[in-house]
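Student: Going down the list, the protein sequences come from chains A and B.
Residues in the first sequence are numbered consecutively from 1034, following the working numbering.
Residues in the second sequence are numbered consecutively from 5, following the working numbering.
Ideal Cβ placement from N, Cα and C applies to all residues, glycine included.
My structure is below; once you've seen it, I'll send some questions.
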Amino acid sequence: MKFCTVKQYFDDENNNNVTNGIATTVIPLPNKHLKIKANNKEMEQYEQELLRNVMPQELTKLILAANYLNFKEALDFFCRTVANAIQNKSVDYVRKFFGLESDFEPGEEEKLCKEFAWSFEGVDED
Amino acid sequence: MCESSAQSMSKCTELTLNRDAVIDTDRISNLPDSLLYHILSFLPTKEAVATTILSKRWKPLWTLVPTLDLRDNRWEKPKCFKYIVYRVLALHIAPSLRGFRLTCHSPCNSFHLDTWIHAALARNVQQLHLEIYLDGRPDDGHDYKGKDFKLPSSLYTCKTVVVLELRGGIFLDPPPSFQFPSLKILRLSKIIYGSMNSILTLISGCPVLEDLSVVRVTTNRVISFKIKVHTLKRLHIGFKSYKPEPPDYNLEIHTPALEYFRFSGHLRNIVFHEKLAHLIEARVNIYAPEDWTRVYEIYYGDRVFKLLRALNNAKFLSLFPGDKECIAFGSIYPSMFQNVVRLNFKVTPSNWHVLLALLLVAPNLEVLDLKKDYDNENRLCWMELPDAPGCLSSRLTTFNFDGFEKLDHEVKFVKYILKEARALNTTTIKIPAKLSKEDVFETLSMFPGLSTTCLITVEKGSRVPYAP
Chain A
1034 MKFCTVKQYF
1044 DDENNNNVTN
1054 GIATTVIPLP
1064 NKHLKIKANN
1074 KEMEQYEQEL
1084 LRNVMPQELT
1094 KLILAANYLN
1104 FKEALDFFCR
1114 TVANAIQNKS
1124 VDYVRKFFGL
1134 ESDFEPGEEE
1144 KLCKEFAWSF
1154 EGVDED
Chain B
5 MCESSAQSMS
15 KCTELTLNRD
25 AVIDTDRISN
35 LPDSLLYHIL
45 SFLPTKEAVA
55 TTILSKRWKP
65 LWTLVPTLDL
75 RDNRWEKPKC
85 FKYIVYRVLA
95 LHIAPSLRGF
105 RLTCHSPCNS
115 FHLDTWIHAA
125 LARNVQQLHL
135 EIYLDGRPDD
145 GHDYKGKDFK
155 LPSSLYTCKT
165 VVVLELRGGI
175 FLDPPPSFQF
185 PSLKILRLSK
195 IIYGSMNSIL
205 TLISGCPVLE
215 DLSVVRVTTN
225 RVISFKIKVH
235 TLKRLHIGFK
245 SYKPEPPDYN
255 LEIHTPALEY
265 FRFSGHLRNI
275 VFHEKLAHLI
285 EARVNIYAPE
295 DWTRVYEIYY
305 GDRVFKLLRA
315 LNNAKFLSLF
325 PGDKECIAFG
335 SIYPSMFQNV
345 VRLNFKVTPS
355 NWHVLLALLL
365 VAPNLEVLDL
375 KKDYDNENRL
385 CWMELPDAPG
395 CLSSRLTTFN
405 FDGFEKLDHE
415 VKFVKYILKE
425 ARALNTTTIK
435 IPAKLSKEDV
445 FETLSMFPGL
455 STTCLITVEK
465 GSRVPYAP
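See below:
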């Protein structure tokens, strides 16, 4: 059920960016997931360990792979990880994490800051 | 350059990726909009809104995230919360809501809450989580005694809700004939019910309910209620009490399709009217501390075994039968636990006999995992190990004992297992810091009849709180 798109993936020639390296991370997930599905704590630990070795850039590829393979649990997990990584962090930190630069007109950013001041409260130290 | 490739990618959620995108796929923000919404949907709304300032592309993203998670914690400025919620609801334009979570710990007027819930219902919300205390959430460990929030009647006509979670000072009083045609998961935690039939009325209107969790705080009166759902696969029942002597309750359960059962709290009268033929996993954590001496104690053993007998089809069993001396022991017979392959058991000196009774009727057990509460070492423990050989499962391959303190009865038990479990290949004994690994290991290795193919490991274990 989880692997209906896997065969298609291997046959499809356009998939250069979903490399084999990613596949080896994503594909064993269902088995592990099913095996320890009963115990949430174990799953969390496994996932934490897995992600300690993965760089933010890799996460992009993992998300795309999980999305393509229609693997909901993995997609949710990787997205949640990105969300956890940026939660409570300063704007500068998040920009760095995503590799973004501010492209606002002068003054626009200050306006937004004022308008949504309440959302910037309670941020961690960088 | 970044933006144009991002926009062309936003047209496709599947993988026929634009070649241009290959160069920049290392950057998370080059994911298509739909995947960015998905990431933001895991953040509390406050955090999602903060991403508006990241860049031009990110500015409008939060307004289209299909979830809203609005939290008001007591220590933040409560006056602001109302304004923030109204503002968010006005600016947020996602046409339908996958999830709406509202957590209100500060005092709040029910007029606002009604309005906000209406807004969610109007957007075809699928997952609705409400935690409300009209007079403010009490500090931890205390019962909420304030006014209860009456759910708006429009909630009872919601056709789209698939997951509903209600916690706190919420008053549930469903009209006699109503339907939640899509509801699959229902979680009710410490809320107030209009009548004893409220739960039954509610779940009778849920034709596809699969997962039910009911945690009740016991009050002064005797509670009687029924859970009758032929589609139910997962059930969690919890009875908490803030009194030392919770009153009786009568719970009748009709759930023939049940696969997962979890019970936590005070055990009184629970009757299963149909055999749980599809049961896969059962987790039972009975709260029964040793120092109570009340009249209910007399029936305690009977109640424990009655509940266990109903769960005898389980493959995975996790059990803490409480720490109470049983005056009447009850019996697990004639039930056999043919399917049990894994047993997690929390031992205290009062309940070893329950463990032993189970081991005798579990002929296919493969994994036995014992955890012990360190505080109970000084009590007398009654344990009668079977004399005859062949009583223990011949398939037992793994035995773990966390909390071994070399007490007499523990040594006796470990010796018994190591000798009788002919298929045993892994044993892990966790000991507290005060004991020496070498000393324990030497004791174990002197047991007669030790199998040469069994790997025995002795480790220092930290005390792990039991969470069934």
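(1) Under a three-way DSSP split, which group does B/Leu75 fall into?
(2) Just verifying my parser: in three-state terms, what is the DSSP assignment at B/Leu396?
(3) Using DSSP with H/G/I as helix, E/B as strand and the rest coil, what is B/Gln131?
(4) Can you give the Cα-Cα distance for B/Glu409 and B/Leu170, rounded to whole angstroms?
(5) DSSP on B/Gly465, reduced to helix/strand/coil?
(6) State yes or no: is the C-beta of B/Thr205 nearer than 6 Å to some heavy atom of the ligand COA?
(7) Quick one: list the residues of chain A neighbouring B/Leu47, beta-carbon separation under 8 Å, in chain order.
(8) Could you tell me which residues DSSP puts in a beta bridge with B/Cys108?
(9) Output, in chain order, the set of chain B residues within a Cβ distance shorter than 7 Å of A/Asp1125.
(10) What residues match up with B/Thr431 in a beta bridge as DSSP calls it?
(11) Could you tell me the boundaries of the beta strand (DSSP E) in which B/Ala286 lies?
(12) Quick one: list the residues of chain B neighbouring A/Glu1142, beta-carbon separation under 8 Å, in chain order.
(13) B/Arg102 touches chain A at which residues, Cβ-Cβ below 8 Å?
(14) Assign B/Ile97 to one of two classes, buried (16 or more other C-beta atoms within 10 Å of its C-beta) or exposed (fewer than that).
(15) In three-state DSSP terms, what is B/Phe408?
(16) Using a Cβ cut-off of 8 Å, pull out every chain B residue sitting near A/Phe1149, in sequence order please.
(17) Who are the neighbours of A/Leu1145 on chain B, taking C-beta pairs under 9 Å?
(18) With a CB to CB cut of under 6 Å and the five nearest residues on each side skipped, what residues in its chain are close to B/Tyr420?
(19) Listing by chain order, which chain A residues have their CB less than 7 Å from the CB of B/Ile43?
(20) I believe B/Asp373 touches B/Asn348 by the beta-carbon criterion, under 8 Å. Please report the beta-carbon distance rounded to the nearest angstrom.
(21) Between the segment 124-139 of chain B and the segment 84-102 of chain B, are three or more C-beta pairs nearer than 8 Å?
(22) How about B/Arg266: is its C-beta nearer than 7 Å to some C-beta of chain A?
(23) Can a CB atom of chain A be found closer than 7 Å to the CB of B/Ser110?
(24) Under the three-state reduction of DSSP, which class applies to B/Ile53: helix, strand or coil?
Tutor: To lay it out plainly:
(1) Residue 75 of chain B sits at position 71 when you count from the first residue of the second sequence. According to the sequence shown, residue 75 of chain B is Arg rather than Leu. B/Arg75: strand per DSSP, three-state reduction.
(2) Position 392 of the second sequence holds residue 396 of chain B. Here B/Leu396 sits in coil by DSSP.
(3) Against the second sequence, residue 131 of chain B aligns to sequence position 127. Correct three-state label for B/Gln131: strand.
(4) Taking the first residue of the second sequence as 1, we reach residue 409 of chain B at position 405. Taking the first residue of the second sequence as 1, we reach residue 170 of chain B at position 166. If I take the Cα positions, the gap works out to 43 Å.
(5) Within the second sequence, the letter at position 461 stands for residue 465 of chain B. In the structure shown, B/Gly465 sits in coil (DSSP, three-state: anything other than H, G, I, E or B).
(6) Ligands in the displayed structure: none, and consequently the ligand COA is not present.
(7) Here residue 47 of chain B corresponds to residue number 43 of the second sequence, with the count starting at 1. Ala1116, Ile1119 and Gln1120, listed in chain order.
(8) What you label residue 108 of chain B is simply residue 104 of the second sequence in a count that begins at 1. Bridge partners of B/Cys108: B/Asp76 and B/Ile136.
(9) Start at 1 with the first residue of the first sequence, and residue 1125 of chain A comes out as number 92. Near A/Asp1125 there are no residues of chain B at all, since even the closest Cβ is about 10 Å away, more than 7 Å.
(10) Along the second sequence, read from residue 1 onward, the residue named residue 431 of chain B stands at position 427. In the DSSP assignment, B/Thr431 is bridged to B/Phe403 and B/Ile460.
(11) Within the second sequence, residue 286 of chain B is the residue found at index 282, counting from 1. For B/Ala286, the enclosing beta strand (DSSP E) has its first and last residue at Glu285 to Ile290.
(12) For this step, residue 1142 of chain A is matched to residue 109 along the first sequence. Those within 8 Å of A/Glu1142 in chain B are Ile57.
(13) On the second sequence, residue 102 of chain B is found 98 positions in, with the first residue counted as 1. Chain A residues near B/Arg102: none, gap ~12 Å exceeds 8 Å.
(14) For the purposes of this step, residue 97 of chain B is identified with residue 93 of the second sequence, where counting begins at 1. With fewer than 16 other Cβ atoms within 10 Å, it is exposed.
(15) Taking the first residue of the second sequence as position 1, residue 408 of chain B is located at position 404. B/Phe408: coil per DSSP, three-state reduction.
(16) For the purposes of this step, residue 1149 of chain A is taken as residue 116 along the first sequence, with counting starting at 1. Within chain B, the residues near A/Phe1149 are Val53, Ala54, Thr56 and Ile57.
(17) Position 112 of the first sequence holds residue 1145 of chain A. Neighbours of A/Leu1145 on chain B, chain order: Thr56, Ile57 and Lys63.
(18) Numbered from its first residue, the second sequence carries residue 420 of chain B at position 416. Leu389.
(19) For this step, residue 43 of chain B is matched to residue 39 along the second sequence. Cys1112, Val1115 and Ala1116, listed in chain order.
(20) Locating residue 373 of chain B in the second sequence gives position 369, where the first residue counts as 1. Locating residue 348 of chain B in the second sequence gives position 344, where the first residue counts as 1. With a Cβ gap of about 5 Å, B/Asp373 and B/Asn348 count as contacting.
(21) yes
(22) For the purposes of this step, residue 266 of chain B is taken as residue 262 along the second sequence, with counting starting at 1. Cβ-Cβ to chain A under 7 Å: no for B/Arg266.
(23) Taking the second sequence and counting its residues from 1, one reaches residue 110 of chain B at position 106. No, no contact with chain A.
(24) As a position in the second sequence, residue 53 of chain B is number 49, starting the count at 1. According to the sequence displayed, residue 53 of chain B carries Val and not Ile. B/Val53: helix per DSSP, three-state reduction.
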